[in-house]
Amino acid sequence: MRTPPKGPRALALLSAGLFATAHAAEPQPARTQDNASDQIERVEVTATRTGAADVQQVPAAITVLKPENLTKYGQGSLNDVANLVPAMAVQQQAPGVNNITMRGLVVRGIVPSEVQDASLVAVYIDDMPVTLKSANPDLKVLDLERIEVLQGPQGTLFGAGSMAGTVRQITQKPEFNDLFGSVEAVGSRTSGFGGDNHNVRGTVNIPLKNDALALRLTGYTGRDSGYIRNQLTGTETNAVSTDQGRAALRWRATPDLLVDASVTASDIRGGVNDAYAGLAPYTTIALLPEKSNDRLQLSNVTLNYDLGRAQLVSATSYLHRDTLYVTSAQYPATAFIFGGRAPLMQSAYTIGNALEDFAQEFRLQSKPGGALKWTAGAFFEKGKRHTRQDQPTTGFDARFAVDHNFPGYNSQVNDQAFGPDDYFSGTQNSRWRQAAVFAEATYTVWDKLDLTAGLRLFRGTQDFDLKFTGLFGNLVTATPAVPTGQPEVSNSSATSRGANPRVAAAYRIDPDHMLYASVGKGFRYGGNNQPVPLNFCGVQAPSTFSPDSLWNYEVGSKNTLLDRRMTFNASAYVIDWNDVQVFNRLPCTYYFTQNAGKIRSEGVELESAFKVTRQATIGINAAFNHAYARETVVTGIAAQNIPADSRVPYAPRFAAGATASYAIPLANGEVGLAASFAHRGEAYTNFAAAQGGYARIPSSNTLDATVTYRTGPYELGLFGTNLTNGAKVSDVTPNTIAIQPGDTLYMLRPRTVGLRLKARF
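Numbered by our numbering, the letters in the sequence shown go through residues 238 to 998 in order.
What follows is the structure, encoded as structure tokens:
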């Protein structure tokens with residue numbers, strides 16, 4: 238919908254010399270400290286969908302995070318996860334308004350009104366897909382066991398939304414025979430314009446029948462202060478209140494059948510993290526309250542049936558989600574309609590979404606042991622999304638009537654808007670369905686060489702209808718001579734089908750050293766464009782756009798060294814992305830997507846962890862990425878053409894992180910010291926300055942630290958996040974309006990210091 242007026246070089250880096258020293262390893266955040274051992278803890282993952290495996294034995298770039306590596310800093314959002322995974326970046330504008338990128342595979346930023354832009358990174362909770370481009374849910378109640386971040390295309394096993402990677406949040410499951418739980422309270426204060434923050438989380442595991450039935454309940458409630466000040470009112474605009482709950486039931490129905498069922502509910506009510514570059518830091522101007530509300534209900538039933546020689550898995554999920562996004566849009570309303578003349582118009586740019594999604598997956602997988610490991614399955618998804626957008630603007634009708642000599646003008650009567658004083662109204666309805674079958678198998682030769690091949694066959698259809706009304710929505714606007722406008726109406730449908738292959742080979746030099754190489758294809762479904770009026774914009778836009786796809790070529794090495802006191806992992810990749818879905822934003826405020834151009838992404842990723850002593854552990858990880866247009870991309874609009882070799886937007890070239898922890902044993906407990914540092918390089922909001930809409934997103938440096946005292950069932954921690962205020966800006970929307978005070982900056986939470994108390998029972 239319309240916005241308001243407003244490498245081969247990478248492979249060479251992993252030469253024989255590099256392979257002689259190491260291979261891809263788990264970074265420190267993936268390893269919890271075990272003070273009874275000199276060794277780094279083994280971590281199992283289920284990313285291959287053929288059962289649990291030590292991550293060091295999986296031939297892929299996978300980062301595993303334990304939840305305590307986030308919660309000890311009072312953290313848990315997707316942005317916090319990205320700070321520990323250099324290959325992953327998150328732009329965030331408000332609670333639940335975010336975009337995840339990996340390996341430089343990105344061509345556009347967050348556009349809250351765009352419903353057609355499909356995600357490039359899939360987000361899963363266990364086997365439930367919850368991905369929504371620019372709006373991945375912020376769930377703090379999940380009672381996680383671990384987070385698996387799979388870097389690079391995962392289309393064979395995880396489908397269309399995983400063209401750049403997959404984030405899997407694996408939850409703790411109920412335990413049959415033990416009653417236990419925990420309560421954690423956190424209080425903190427944010428510097429600058431911020432204030433007091435607090436949250437409480439509780440978990441209880443309840444055995445209902447020995448060895449057969451158990452229930453696990455988790456609740457979270459919290460309030461985070463705002464830290465953006467409204468220059469007009471002197472109040473903060475972006476406080477967030479969160480209430481979430483989750484119930485998980487595990488039932489051993491028979492010796493062979495295990496049933497897991499869960500329900501998750503979330504209600505987040507917040508503001509928008511926007512400030513203006515032309516004002517004092519962390520300052521905005523808003524003529525009305527801004528909102529970012531997100532209500533979600535997620536249900537899942539997963540069946541695991543032991544067939545003897547194989548395991549049958551059925552995962553059924555249903556998602557219902559309602560979002561409301563409101564920003565104060567006084568500058569576009571005043572500039573585009575009234576030439577920027579005072580007074581500023583009080584205008585609410587409003588977008589509401591109602592989303593429903595049903596997903597069903599059946600999977601048959603081999604049991605552990607034997608030379609052949611395999612999985613095969615089928616996936617079906619069906620969903621719908623209703624988007625409602627409008628721009629209620631106080632006093633609009635009366636001012637427009639005078640300025641345009643249109644006595645008695647009424648937005649609702651003359652231009653068929655949702656109500657009076659509303660210069661744009663619109664609805665977009667999307668209905669989608671997709672089906673896929675997939676299989677992947679690994680065969681071990683000579684107990685050293687694993688050969689893998691996989692294939693996914695898919696078909697997806699999306700039906701789309703749209704209706705725009707109001708002065709800026711109608712195809713033909715009302716005039717005194719013709720007092721009734723003509724709405725913009727569109728209906729279209731797009732169908733995509735294809736195949737997604739993957740092959741890989743892994744060679745184990747010995748149990749602690751492995752080399753691997755893989756080639757895989759990723760894909761993303763096409764979609765439907767909103768209509769672009771030729772008489773208003775001078776552009777004939779296509780009604781639909783096709784799928785885009787890529788090939789990922791990757792080599793890597795995983796190494797466990799010094800009697801498992803150290804891991805060192807490295808991977809290098811070249812990605813060729815073709816028929817890229819390019820976003821064209823027009824001066825008339827409309828936009829459309831078309832397939833144009835080729836992008837190459839080259840990069841290297843390193844991860845390491847070292848247990849210096851039984852009490853001390855350090856970790857270092859880094860990612861270098863060079864993603865660029867392989868040739869000039871001709872869009873048909875000269876100003877939108879992408880120059881050859883220009884760098885992709887929103888993707889930093891370099892990111893790195895370091896972690897350190899130290900435990901001091903005491904007679905009656907333990908004191909733990911920990912710190913983490915994350916650097917993320919600068920990025921830009923477009924390919925080239927000549928295209929316009931080009932602004933710099935500054936680099937960031939995030940330093941967190943914590944001191945924790947543990948004794949018996951109690952844990953007391955002092956923590957600080959963003960201690961140097963080195964991370965300020967998450968995203969930028971370049972300014973094109975003369976009367977607006979600079980670019981719109983979406984700010985990160987400044988320095989926050991707090992205490993947390995946790996009790997287990």
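Quick reminder that beta carbons are idealized off the backbone N, C-alpha and C, glycines included.
Taking Y899 and S883 to be in contact with their CB atoms under 8 Å, please state how far apart those CB atoms are, rounded to whole angstroms.
Wrong, their Cβ atoms sit about 45 Å apart, outside the cutoff.
Alpha carbon to alpha carbon, what distance is there between Q723 and V639?
22 Å
Between the beta-carbon of A897 and the beta-carbon of A859, is there less than 8 Å?
no
Which ranges would you report for the beta strand (DSSP E) in the segment 554 to 622 if only whole runs of at least 3 residues count?
585 to 603
Label S399 either buried or exposed according to how many other C-beta atoms from any shown protein chain fall within 10 Å of its C-beta, with 16 as the threshold for buried.
buried
Does DSSP classify T973 as helix, strand or coil?
coil
Per DSSP, which one or two residues make a beta bridge with T539?
D497 and A552
Please determine, among I879, N938 and V344, the residue with the shortest C-alpha to C-alpha distance to K370.
V344
Short check: CB of Q179 to CB of Q977, under 8 Å?
The chain is shown from 238 up to 998; residue 179 falls before or after that span and cannot be answered.
Just to confirm before moving on: does the CB-CB distance between G763 and T781 stay below 8 Å?
yes
Per DSSP, which residues does E907 bridge with? Please list them.
P902 and R947
Could you pull the start and end residues of the alpha helix (DSSP H) that S648 belongs to?
S648 to N651
CA nearest to the CA of G508, picked from V334, V352 and L452
V334
Count the C-beta pairs between the segment 309 to 329 and the segment 932 to 951 that are closer than 8 Å, then say yes if the count reaches three, no if not.
yes
Looking at the strands, I want to know which residues DSSP matches up with W1018.
Nothing can be reported for residue 1018, as the shown portion of the chain is limited to 238 through 998.
Looking at the strands, I want to know which residues DSSP matches up with L798.
M803
Between which two residues does the alpha helix (DSSP H) carrying T393 extend?
G392 to F395
Exposed unless 16 or more other CB atoms sit within 10 angstroms - verdict on W669:
buried
Pair within 8 Å by beta-carbon distance, R801 and I277
yes
Enumerate in chain order the residues of its own chain whose CB-to-CB distance from Q671 is below 6 Å, with the five nearest sequence positions on each side excluded.
E618 and G697
How many Å lie between T732 and P526 at the Cα?
41 Å
When DSSP labels each residue in this structure, what does F633 get in the three-state scheme?
helix
By DSSP's criteria, T681 is part of a beta bridge. Which residues make up the other side?
D687
Have a look at the DSSP bridge pairing and note the partners of Q481.
Y457 and S503
Do the CB positions of I465 and T474 come within less than 8 Å of each other?
yes
Within 10 Å of its beta-carbon, does Y951 have 16 or more other beta-carbons around it, so buried, or fewer, so exposed?
exposed
Close beta carbons around G645, own chain, < 7 Å, minus the five adjacent residues each side:
A638
Out of curiosity, what's the CA-to-CA distance linking Q831 and R286?
35 Å
What is the residue span of the beta strand (DSSP E) that E382 lies within?
L381 to Q388
Alpha carbon of P264 to alpha carbon of A912, nearest angstrom:
With a pLDDT of 38 at P264, under the threshold of 50, the modelled position of that residue is not reliable, and the figure given next carries that caveat. For P264 and A912, the distance between alpha carbons rounds to 14 Å.
Among the candidates L469, S350, L387 and G757, whose CA atom is the shortest distance from the CA of Y790?
G757
Exposed or buried, which one is R988 when buried takes at least 16 other CB atoms within 10 Å?
buried
Tell me the DSSP bridge mates of M400?
Looking at the DSSP assignment, M400 forms no beta bridge with any residue, so it has no partner.
Is V352 helix, strand or coil by DSSP?
coil
Kindly indicate the opening and closing residues of the alpha helix (DSSP H) around T308.
E305 to T308
Rounding to the nearest angstrom, what Cα-Cα distance links P779 and V817 in this structure?
15 Å
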